[in-house]
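These notes concern the structure reproduced below.
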Amino acid sequence: MEKKDTENIFQIINNKFSSMSRGQKKLARFIMTDYDRAAFLTASKIGHEVGVSESTVVRFASMLGLKGFPQLQGELEKMVRRRIHEPPAVDIDNENISRQEVLEQVLKRDMENIRYTIEHVDCDAFEAAVELLLSARKVYIIGIRNSAPLAACMESSLKLMLDEVILLSSDNSSNLFEDMLRMNEEDCIVGISFPRYSIRTLKAMEFANSRNCRVITITDSRTSPMNLYSSCNLVAKSEMTSVAESLTAPLSIINALVTALMAKRKKNLVNRLEMLEDICNEYAVSGNDELNWVDDSDLANKEE
Numbered sequence: 013m014e015k016k017d018t019e020n021i022f023q024i025i026n027n028k029f030s031s032m033s034r035g036q037k038k039l040a041r042f043i044m045t046d047y048d049r050a051a052f053l054t055a056s057k058i059g060h061e062v063g064v065s066e067s068t069v070v071r072f073a074s075m076l077g078l079k080g081f082p083q084l085q086g087e088l089e090k091m092v093r094r095r096i097h098e099p100p101a102v103d104i105d106n107e108n109i110s111r112q113e114v115l116e117q118v119l120k121r122d123m124e125n126i127r128y129t130i131e132h133v134d135c136d137a138f139e140a141a142v143e144l145l146l147s148a149r150k151v152y153i154i155g156i157r158n159s160a161p162l163a164a165c166m167e168s169s170l171k172l173m174l175d176e177v178i179l180l181s182s183d184n185s186s187n188l189f190e191d192m193l194r195m196n197e198e199d200c201i202v203g204i205s206f207p208r209y210s211i212r213t214l215k216a217m218e219f220a221n222s223r224n225c226r227v228i229t230i231t232d233s234r235t236s237p238m239n240l241y242s243s244c245n246l247v248a249k250s251e252m253t254s255v256a257e258s259l260t261a262p263l264s265i266i267n268a269l270v271t272a273l274m275a276k277r278k279k280n281l282v283n284r285l286e287m288l289e290d291i292c293n294e295y296a297v298s299g300n301d302e303l304n305w306v307d308d309s310d311l312a313n314k315e316e
């Protein structure tokens, strides 16, 4: 078999995942979420980590079309080396870099991420995501660590248009699955995750898939492990530096989904905004909870 790079190996795992045995699926999840660890573990140690035999690990590599475990490990090592030596988008190693230069470099990288996302977004997947959200009885949203703000933002916006939107708890696995117990085929879950990928998010999507719940992913690559349980994958580039991911393009994808939903649920949105305004008038403004805007000219007059 011809030599494969890691991205192609991840694509093969994605394509073959549904036909894998239970043990092979465990290996696939481990390798795709912790490839930087897997690259430096023996087949025996990986098996112990995942809970399968060493021979299962070796057969897994052959099942992918590779010449055994050493080739799989070698490709993972290459990926780790590429990531380590890849120059950061922002020249943080330059001690003399000015703050203005940092600002300009970061903003330019965000622009590049959005441009790349526009060019590579799957419009059919976007249309499908909008329809899934519109038809769902309940919409569940999960995002952990760096994806938590994205999940919270999406939940806040969707609640104005959809009847039941649930932001899944990320405190611990027990609370997470407790919130998902009544999930079924009429529901939809949006899983948001970017490197390093969250295993809890992946597990939540696996559980949702087992309940025949429709799954939407927002992630950084078509070969992301988040796509293992989803047929509706929205890709947004998030590259910035080795210590911070850019959330600009993912947030733009979420804003686009929300805007598309607004066009379909405009009446719901207007009604709920009016209700919210009435509630605020009764419980906030009447209690003098709002600050009045101060005109600079008013201050000048008072000083005179």
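Numbering (this note's numbering), first residue to last: 13 to 316.
Backbone N, C-alpha and C fix where the C-beta goes; we use that ideal spot for every residue, glycine too.
For residue 128, no beta strand (DSSP E) segment is defined; the enclosing uninterrupted segment is the alpha helix (DSSP H) at 111–132. By alpha-carbon distance to residue 36, the top candidate from 63, 202, 49 is 63.
Contact check for residue 180 against residue 204 fails: the beta carbons are separated by 7 Å or more.
By the C-beta density criterion, residue 112 is exposed, having fewer than 16 other C-beta atoms within 10 angstroms.
Put simply, of 26, 208, 53 the residue whose alpha carbon is nearest the alpha carbon of residue 243 is 26. The beta carbon of residue 44 sits closer than 7 Å to the beta carbons of 22, 25, 237 from its chain, once the five residues preceding and following it are set aside; these are given in chain order.
In this chain, residue 209 is not harboured by any beta strand (DSSP E), its DSSP state being neither H nor E.
Judged by their CB atoms, residue 190 and residue 177 are not nearer to each other than the 7 Å cut-off. Here DSSP, grouped into helix, strand and coil, assigns residue 58 to helix.
Secondary structure note for residue 246: its beta strand (DSSP E) is the uninterrupted segment 244–247. Nearest to residue 201 by C-alpha distance, out of 213, 129, 120, 28, is 213. Taking every protein chain shown into account, the CB of residue 123 has fewer than 16 other CB atoms within 10 angstroms, so this residue is exposed. One Cα belongs to residue 160, the other to residue 257, and the distance between them is close to 13 Å.
Distance from the CA of residue 274 to the CA of residue 173, rounded to the nearest whole angstrom, comes to 7 Å. Taking 7 Å as the cut-off, the beta carbon of residue 80 is found no closer than this to the beta carbon of residue 69.
Scanning the stretch 188–242 for uninterrupted alpha helix (DSSP H) segments of 4 residues or longer gives 211–222, listed from N- to C-terminal end. Rounded to the nearest angstrom, the Cβ distance from residue 142 to residue 170 is 12 Å, too far for a contact under 8 Å. Taking every protein chain shown into account, the CB of residue 210 has 16 or more other CB atoms within 10 angstroms, so this residue is buried. Residue 282 carries a helical assignment under DSSP once its states are collapsed to helix, strand and coil. The Cβ atoms of residue 51 and residue 88 lie closer than 7 Å to each other.
The C-alpha of residue 145 is placed about 9 Å away from the C-alpha of residue 199.
Comparing alpha carbon positions, the residue from 222, 248, 217, 147 closest to residue 276 is 147. Residue 207 is positioned such that its CB atom lies no closer than 7 Å to that of residue 230.
Counted as a single uninterrupted DSSP element, the alpha helix (DSSP H) harbouring residue 35 occupies residues 34–45. Residue burial is scored here from C-beta neighbours: residue 271 has fewer than 16 other C-beta atoms within 10 angstroms and is therefore classed as exposed. Taking all protein chains in view, the Cβ of residue 251 is crowded by 16 or more other Cβ atoms within 10 Å, so the residue is classified as buried. Sixteen is the threshold: since fewer than 16 other Cβ atoms of the shown chains lie within 10 Å of the Cβ of residue 164, the residue is exposed.
In summary, residue 232 is buried, with 16 or more beta-carbon neighbours lying within 10 Å of its beta-carbon over all protein chains present. Its chain contains 40 as the residues whose beta carbon lies nearer than 7 Å to that of residue 32, once the 5 sequence neighbours on both sides are disregarded; these appear in chain order. Setting aside the 5 residues that flank it on each side, residue 83 has no residue in the same chain whose C-beta is closer than 6 Å to its C-beta. Counting along the chain, residue 263 sits inside no beta strand (DSSP E); it lies in the alpha helix (DSSP H) bounded by residues 260–276.
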